[in-house]
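Step one of this worksheet: look at the structure below.
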Amino acid sequence: MQSLFALFSNGPKHIFRPIRVIPLTSKAMKTTAGLITALISVAAHGLRTRDGPGGPRPPGKWRISPIDGSKIALPTREQLAFQDREMGCLIHFNMATYIAQDGCNGDPALVPPRSLFDPAQLDTDQWMEAIKSLGGKYATLVAKHNCGFTTWPTKVSFKDLAGETVPYSYAIAQSPVKGRDVVEDFVESASRHGFGRGFYYSVVVNNYLNVQSAHVRNVAAGPGQVGITTDVYNDVVFEQLEELWGKYGNLTEIWFDGGYSGDQKDRIQSLLQKTQPNAVIFNGCQDDGSCVSDNSIRWIGNELGHAEEENWSTGLTKSGESDSPWFTPSECDTTLQTGDRWFFGVDTPLRSLAELIKVYHETVGRNCVLALDMSPDRRGLIPDSHVARYKQLGDFIRQCYDDHPVQPSCEKRDEAQGGYTLAFDKPAEIDRVVLMEDQADGQVIRTYQVWGRQGKDGLGDWSLLSNGTSVGHKKIDLFIKPVTVSEVMVNSTFVDTPKWRSVTVHKCS
Numbered sequence: 001m002q003s004l005f006a007l008f009s010n011g012p013k014h015i016f017r018p019i020r021v022i023p024l025t026s027k028a029m030k031t032t033a034g035l036i037t038a039l040i041s042v043a044a045h046g047l048r049t050r051d052g053p054g055g056p057r058p059p060g061k062w063r064i065s066p067i068d069g070s071k072i073a074l075p076t077r078e079q080l081a082f083q084d085r086e087m088g089c090l091i092h093f094n095m096a097t098y099i100a101q102d103g104c105n106g107d108p109a110l111v112p113p114r115s116l117f118d119p120a121q122l123d124t125d126q127w128m129e130a131i132k133s134l135g136g137k138y139a140t141l142v143a144k145h146n147c148g149f150t151t152w153p154t155k156v157s158f159k160d161l162a163g164e165t166v167p168y169s170y171a172i173a174q175s176p177v178k179g180r181d182v183v184e185d186f187v188e189s190a191s192r193h194g195f196g197r198g199f200y201y202s203v204v205v206n207n208y209l210n211v212q213s214a215h216v217r218n219v220a221a222g223p224g225q226v227g228i229t230t231d232v233y234n235d236v237v238f239e240q241l242e243e244l245w246g247k248y249g250n251l252t253e254i255w256f257d258g259g260y261s262g263d264q265k266d267r268i269q270s271l272l273q274k275t276q277p278n279a280v281i282f283n284g285c286q287d288d289g290s291c292v293s294d295n296s297i298r299w300i301g302n303e304l305g306h307a308e309e310e311n312w313s314t315g316l317t318k319s320g321e322s323d324s325p326w327f328t329p330s331e332c333d334t335t336l337q338t339g340d341r342w343f344f345g346v347d348t349p350l351r352s353l354a355e356l357i358k359v360y361h362e363t364v365g366r367n368c369v370l371a372l373d374m375s376p377d378r379r380g381l382i383p384d385s386h387v388a389r390y391k392q393l394g395d396f397i398r399q400c401y402d403d404h405p406v407q408p409s410c411e412k413r414d415e416a417q418g419g420y421t422l423a424f425d426k427p428a429e430i431d432r433v434v435l436m437e438d439q440a441d442g443q444v445i446r447t448y449q450v451w452g453r454q455g456k457d458g459l460g461d462w463s464l465l466s467n468g469t470s471v472g473h474k475k476i477d478l479f480i481k482p483v484t485v486s487e488v489m490v491n492s493t494f495v496d497t498p499k500w501r502s503v504t505v506h507k508c509s
């Protein structure tokens, strides 16, 4: 790993004097001495690929570091494009919209009647306007959730336990709004608004077919259910996936909630290659390191809207692994409603703007794509209060980050040494920094420090403003209070010469 000491030949000579540290969080507060110790340890031992839970993982696509010989995972074009989207919405609109429970989860016998699904004012363009006000760049629709109801008119039929061929009739074509196709409406609206689009289809649970954990339950089918075998169930799954993936155009994302079973993996991989080779796949990898697509992305292990401070674009664990040969960016899914409520809940309160701003900083600001839930109501519309909250969050992001960066008079990149400097003609007040790494050749920055000089003409002392490990697509560091600076300098350590996309500072509080 490139030594931090090399960065100081043109930087502050007094940097290891006692300094005033402005910490971010207890986790981000590291002493300079501690950083040096870590660097010496890494320099001595290098970076090694870890083994997975079941033994050595099959290697991903990677290159060798010219500095220390470690593996640097390489992204696909689709993974980088997905990270650039930064925010989107996961739209929960299905049979569970019309019941008190938040989905059919936890009640394997629950099959709500088709007659409940009646969105008389369905308007998918209104959904997209709400996403636009948020600043989202994509939308993923729950086309089939755990109840088993399909919001497109599926043509699939199958043999039941009596050997009779029957249609898959738990679908929109048998509802009060027969003749409509929510999936088609959604795709057309997303296309008109220039949004990426994706589908969520649960392959492991289907109450209508009496299936849990990708297997038919060892319990007789109850009211509203149809009895089948597990083999027939898997045939139904893949025929419906072929309808979804093959009929509605190119997709940005495909969602596997809860993953998929080992028995389904090969067929999923083959069908993806046939129908949607360019979509990113949420939960596309299993714990043993096997993946259904090179475009796989990972879950961070919670639905709180909280990524860890150290969140890598590589690896299969919740926060990733810096030395993994797998490039697998993370997506952070969370709700707009309180109480972890995903489908529309009558009178369910919304999370506050302050909490959602925190979510933004702990997801997008920690190298994670934010998938914020959207829950149309029983009319098929986004409630006014939800629309307003999306816009409030979008307005904050635009005002803080898009419209008002603190402009330097001079920017200097020293990419050979991993540095970036901003200089100001007159003292500038700032309260945060936004770092973006060019990951086209992999994520290579391993640690960074952000320093601020408070004097004029290069005469003032330097203070440590923030530091950390992973940068990746984007890292936002908030200072505990505003500081006035004449110069900002970023130093980094790395396993290959880094390329900064940008370094910007802002005053938003």
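Residue numbers (UniProt numbering): 1 to 509. Virtual Cβ for every residue (Gly too), placed ideally from N, Cα, C. These figures come from a predicted structure and were not determined experimentally.
Next on the checklist: Measuring only the C-alpha atoms, how far is Asn295 from Leu459?
Outcome noted: 49 Å
Checklist entry - On the three-state DSSP scale, how would you describe Ser502? => result Look at Ser502 here: in three-state DSSP terms it is strand.
Checklist entry - Given a threshold of 16 other Cβ atoms within 10 Å of its Cβ, counted over all protein chains shown, does Gly455 qualify as buried or as exposed? => result exposed
Next on the checklist: Between which residues of its own chain and Ser409 is the CB-CB distance below 8 Å, once the five residues before and five after are set aside?
Outcome noted: Once the five neighbours on either side are set aside, the close Cβ partners of Ser409 are Ala423, Phe424, Asp425.
Checklist entry - Can Tyr170 and Tyr208 be called in contact, C-beta distance under 7 Å? => result yes
Next on the checklist: If contacts are defined as beta-carbon pairs under 8 Å, then Phe186 and Val369 qualify, I think. What distance do you get, rounded to the angstrom?
Outcome noted: Actually they do not touch by this definition, with Cβ atoms about 20 Å apart.
Item to check | Whole-angstrom C-beta distance between Ser290 and Lys274, which should lie under 8 Å | outcome: With 8 Å as the limit, Lys274 and Ser290 do not qualify as a contact, their Cβ atoms being about 19 Å apart.
Item to check | Beta-carbon proximity of Pro349 to His506, cut-off 7 Å | outcome: Note that the C-beta distance between Pro349 and His506 is not below 7 Å.
Next on the checklist: Taking only three categories from DSSP, how would you classify Gln126?
Outcome noted: helix
Checklist entry - Between Lys159 and the rest of its own chain, which residues show a CB-CB distance below 7 Å, the 5 nearest in sequence each way excluded? => result Thr165, Val232
Checklist entry - Ordered along the chain, which non-local residues of its own chain (more than five positions away) have a Cβ less than 8 Å from that of Asn105? => result Residues of the same chain with a CB within less than 8 Å of the CB of Asn105, apart from the 5 flanking positions on each side, are Asn146, Val205 in chain order.
Checklist entry - Relative to the C-alpha of Lys391, which residue among Met87, Ser70, Gly135 is closest? => result Residue Gly135 is the option with its Cα nearest to Lys391.
Item to check | Minimum length 3: unbroken beta strand (DSSP E) runs contained in the segment 428–464 | outcome: 445–453
Next on the checklist: Excluding the 5 residues flanking Ala109 on each side, which residues of the same chain have their C-beta closer than 6 Å to its C-beta?
Outcome noted: These residues qualify, in order along the chain: Gly222.
Next on the checklist: Less than 7 Å between C-beta atoms, sequence neighbours within five positions excluded: which residues of the same chain meet that for Arg446?
Outcome noted: Closer than 7 Å at Cβ, skipping near neighbours: Met1, Ser322, Thr469, Thr493, Phe494, Val495.
Item to check | Close Cβ partners of Trp152 (< 6 Å) along its chain, the five nearest in sequence each way excluded | outcome: The answer, listed in chain order, is Asp181, Val183.
Checklist entry - How about Lys144 and Tyr201: do their beta carbons lie closer than 7 Å? => result Yes; because the gap between Cβ atoms is below 7 Å, this pair is in contact.
Item to check | Helix, strand or coil at Leu110 [DSSP, three-state] | outcome: Of the three classes helix, strand and coil, the one that applies to Leu110 here is coil, per DSSP.
Next on the checklist: To the nearest angstrom, how far is the alpha carbon of Cys89 from that of Asp461?
Outcome noted: 45 Å
Item to check | Coil, strand or helix - Val483 by DSSP | outcome: Correct three-state label for Val483: strand.
Item to check | 7 Å Cβ cutoff met for Met374 and Ile91 | outcome: yes
Item to check | Distance between beta carbons of Gln240 and Gly259, contact taken as under 8 Å | outcome: Contact between Gly259 and Gln240 fails: their C-beta atoms lie close to 18 Å from each other, not under 8 Å.
Item to check | Among Ser293, Leu316, Glu309, the one whose alpha carbon lies nearest that of Trp299 | outcome: In this structure, Leu316 is the residue among Ser293, Leu316, Glu309 with its C-alpha nearest to the C-alpha of Trp299.
Next on the checklist: So the candidates are Glu86, Pro112, Val177, Ser133; which of them puts its Cα closest to the Cα of His380?
Outcome noted: The displayed chain sequence assigns Gly, not His, to residue 380. Of the candidates Glu86, Pro112, Val177, Ser133, the residue whose Cα lies closest to the Cα of Gly380 is Val177.
Checklist entry - What are the residues that DSSP puts in a beta bridge with Trp342? => result Under DSSP, Trp342 shares a beta bridge with no residue.
Checklist entry - In chain order, which continuous runs of the alpha helix (DSSP H) of length 4 or greater are located wholly inside the segment 151–199? => result 182–192
Checklist entry - Which one of Arg341, Leu465, Thr328 has the shortest CA to CA distance from Gly100? => result Here residue 100 is Ala; the residue named in the question, Gly, does not match the sequence. The candidate whose alpha carbon is nearest that of Ala100 is Arg341.
Item to check | Neighbourhood of Gly442 by C-beta distance below 6 Å, restricted to the same chain and skipping five residues each side | outcome: Ile72, Ala73, Leu74
Item to check | Cβ neighbour criterion (16 or more within 10 Å) applied to Pro325 | outcome: buried
Item to check | Backbone CA spacing between Ala354 and His361 [nearest angstrom] | outcome: 11 Å
Checklist entry - Which one of Val346, Ser330, Thr140 has the shortest CA to CA distance from Ser385? => result Val346
Item to check | For Tyr260, three-class secondary structure by DSSP | outcome: coil
Item to check | Local conformation of Thr140 per DSSP, three classes | outcome: In the structure shown, Thr140 sits in a strand (DSSP, three-state: E or B).
Next on the checklist: Distance check for His306 and Gly69, CA to CA, integer angstroms please.
Outcome noted: 33 Å
Checklist entry - Using the rule of at least 16 other Cβ atoms within 10 Å of the residue's Cβ for burial, across every protein chain shown, is Glu437 buried or exposed? => result The C-beta of Glu437 has 16 or more other C-beta atoms within 10 Å across all chains shown, which makes the residue buried.
Next on the checklist: Nearest by alpha-carbon distance to Leu464: which of Lys475, Asp125, Glu487 is it?
Outcome noted: Glu487
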